[in-house]
Amino acid sequence: MLRGILAEDKAARAVQVLTPEEATAFANWTRVSAEAETRWLAELSGDDGLLGFEPPALPDSAWILHAMYEDLRHPATPANAETAAGTAGTGDGDDEDETDWAVSPRPHWRRLRWSELAERVGDPIVEEGSYPDRYQLHSCRTGREWKPDNILWSNEGSLDWETWHQLIDALVEYSPDGPDTRCLVHFCRNMFYYHVPTVLTGRLGDAHALYHHPDLRAYSPSNIWPVDRTWATYTHYDLHGTKVAGPTPLIEALLGTPGLEALRLPWKP
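Residue numbers (the numbering used here): 55 to 323.
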C-alpha cells in the first residue's frame, strides 16, 4: 500500500507545472538518505525524529519565537469564551488563526511580540519548565479572562515567512562559507501523510527559496544543519518556537537581531 501511495504522489508531482522560482528551488536541492543523514541527530537527541530532532546546546542555545500579528484596523475588544470563538484573525474573511510560513503579512497587520502581549496580560512569555507552545500566554488564548479578537497567532510547527528569512540571514553570517555553506534540511515524517521523512542537501544561501519547493509548501524544515554540524535548528511539529543550538557568538547574534524575538530558556537548553 505504501509503495502505491508513493508512486501516486510521485506521478502527481511529475505533472506539476512549476513556476521559474519553483523550478530553480527544486534544482538547487538534492534528496539524500534521511536515515543516514539524521543518524547523528537521533543519537544526539535520543529521539526517533517523528516530530523533529531536538539537539542539546552546542554548547549554547536559544529559542526563536514564531511571529504573531495584530490587526491595526480592529482594536482588541474583550470577549468571553462564548463570543470569542472563531474571531481570531478578523478581516478579509480570514478563518484561520495562524500565519503561513510562505506568506508575508498583509500591510494592515503589525508584528506583535510575545513579550509585548505578555506584558499586557501579566503572563510570563514562556512558563517556567515549558516550551513555546499553544499553552503560553494563556490569559488571552483561553478566553477565560480576556481574549483579543484581532490577533493572528503564531505558527505551530513552522516558522513564519518573516522569521525564516531573518534566521537564514543570521546563519549565513555565522557559517564558515557564508551563503555557500553546504547544509542539510530535514522534514520530519509526521509532515507527510505517508510518514516518510525527507532530507535535502544544498547551499545555505538557497534556503531562502525553500518555500518555493513544490514538495514542501506546507511547513518550514524540522531541522537544518551545516555539514560540519557546528549548529543545528529544531522546529518541533507541535511548537510555536524554533530552537537554535550552536556556538555562543551565533546565539548572541540571534538574541540581538531586531527582526527576531529570541530568548534563552534555562530549563530547555
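For each residue, glycine too, the CB sits at the ideal point set by N, CA and C.
Remember, it's a predicted structure, so these values are computed and weren't measured experimentally.
- Item | Limits of the unbroken alpha helix (DSSP H) element including A224 | If you number the sequence shown from 1, residue 224 lands on position 170. Its alpha helix (DSSP H) spans residues 215-227.
- Considering only residues of the same chain and omitting the five flanking positions on each side of E170, which have a CB-CB separation below 7 Å? Working through the sequence shown from its first residue, we reach residue 170 at position 116. The answer is none, since no qualifying residue turns up.
- Apart from the five residues just before and just after V86, which ones in its own chain have a Cβ nearer than 6 Å to its Cβ? Within the sequence shown, numbered from 1, the residue matching residue 86 stands at position 32. Contacts found: V253, T255.
- Where the alpha helix (DSSP H) through S169 begins and ends: Your numbering for residue 169 matches position 115 in the sequence shown. Per DSSP, S169 belongs to the alpha helix (DSSP H) from 168-175.
- Query: According to the neighbour-count rule (16 or more other Cβ atoms, all chains shown, within 10 Å of its Cβ), is E89 buried or exposed?
  - Reply: Locating residue 89 in the sequence shown gives position 35, counting from the first residue. Exposed, by the Cβ-count rule.
- How many whole angstroms separate the CB atoms of G103 and P251, which I take to be in contact at a CB cut-off of 8 Å? Position 49 of the sequence shown holds residue 103. Position 197 of the sequence shown holds residue 251. Right, the Cβ-Cβ distance comes to about 7 Å (below 8 Å), so this counts as a contact.
- Message: According to DSSP, simplified to helix, strand and coil, what is L304?
- Response: For the purposes of this step, residue 304 is taken as residue 250 along the sequence shown, with counting starting at 1. Correct three-state label for L304: helix.
- Unbroken beta strand (DSSP E) run spanning E124, endpoints: Residue 124 sits at position 70 when you count from the first residue of the sequence shown. Here the beta strand (DSSP E) through E124 covers 122-125.
- Message: Out of D223, D125, P110, which one is the CA nearest neighbour of P233?
- Response: Position 179 of the sequence shown, counted from the first residue, corresponds to residue 233. Ranking D223, D125, P110 by Cα distance to P233 puts D223 first.
- Task: Tell me whether the beta-carbon of H294 lies closer than 8 Å to the beta-carbon of D187.
- Result: Start at 1 with the first residue of the sequence shown, and residue 294 comes out as number 240. Start at 1 with the first residue of the sequence shown, and residue 187 comes out as number 133. Yes, these two residues count as a Cβ contact at 8 Å.
- CA-CA distance, A286 and H128? Looking up residue 286 in the sequence shown gives position 232. Looking up residue 128 in the sequence shown gives position 74. Rounded to the nearest angstrom, the two C-alpha atoms are 39 Å apart.
- Looking at the unbroken beta strand (DSSP E) that takes in W279, where does it start and where does it end? Within the sequence shown, the letter at position 225 stands for residue 279. It spans 277-280 - the beta strand (DSSP E) in which W279 sits, taken as one unbroken run.
- Item | Residue of D292, L166, R257 minimising C-alpha distance to Y273 | By 1-based counting over the sequence shown, the position of residue 273 is 219. Out of D292, L166, R257, D292 has the C-alpha closest to the C-alpha of Y273.
- Query: According to DSSP, is A111 helix, strand or coil?
  - Reply: Position 57 of the sequence shown, counting from 1, holds the residue named residue 111. Note: A111 maps to coil in three-state DSSP.
- Limits of the unbroken beta strand (DSSP E) element including R236: Position 182 of the sequence shown, counted from the first residue, corresponds to residue 236. Run containing R236: 236-241, per the beta strand (DSSP E) assignment.
- What are the residues that DSSP puts in a beta bridge with R85? Residue mapping note: residue 85 aligns to position 31 of the sequence shown, counting from 1. The partner list for R85 (beta bridge, DSSP) reads L254.
- Query: Around the C-beta of L264, are 16 or more other C-beta atoms found within 10 angstroms, so that it is buried, or is it exposed?
  - Reply: If you number the sequence shown from 1, residue 264 lands on position 210. With 16 or more other Cβ atoms within 10 Å, it is buried.
- Rounded separation between K297 and I205 - CA only: Within the sequence shown, numbered from 1, the residue matching residue 297 stands at position 243. Within the sequence shown, numbered from 1, the residue matching residue 205 stands at position 151. For K297 and I205, the distance between alpha carbons rounds to 24 Å.
- Query: Exposed or buried, what is G300 when buried is set at 16 or more other beta-carbons lying within 10 Å of its beta-carbon?
  - Reply: Counting from one through the sequence shown, the residue named residue 300 turns up at place 246. So G300 ends up on the buried side.
- Task: Assign R164 to one of three DSSP states: helix, strand, or coil.
- Result: Here residue 164 refers to the residue found at position 110 when the sequence shown is read from its first residue. If DSSP states are grouped into helix, strand and coil, R164 belongs with the strands.
- Message: For H32, count the other beta carbons within 10 Å of its own beta carbon; 16 or more makes it buried, fewer makes it exposed. Which is it?
- Response: Any question about residue 32 goes unanswered here, given that the chain covers just 55 to 323.
- Beta-bridge partners of L119, as assigned by DSSP: Your numbering for residue 119 matches position 65 in the sequence shown. G295, per the DSSP bridge assignment.
- Item | Span of the alpha helix (DSSP H) around A96 | Looking up residue 96 in the sequence shown gives position 42. Taken as a continuous stretch (DSSP letters only), the alpha helix (DSSP H) holding A96 covers 93-99.
- Task: Excluding the 5 residues preceding and the 5 following P320 in the sequence, name in chain order all residues of the same chain whose CB lies nearer than 8 Å to its CB.
- Result: Translated into positions along the sequence shown, residue 320 becomes position 266. Nothing listed; no residue qualifies.
- How about E124 and R174: do their beta carbons lie closer than 8 Å? Taking the first residue of the sequence shown as 1, we reach residue 124 at position 70. Taking the first residue of the sequence shown as 1, we reach residue 174 at position 120. No, they are not a contact pair.
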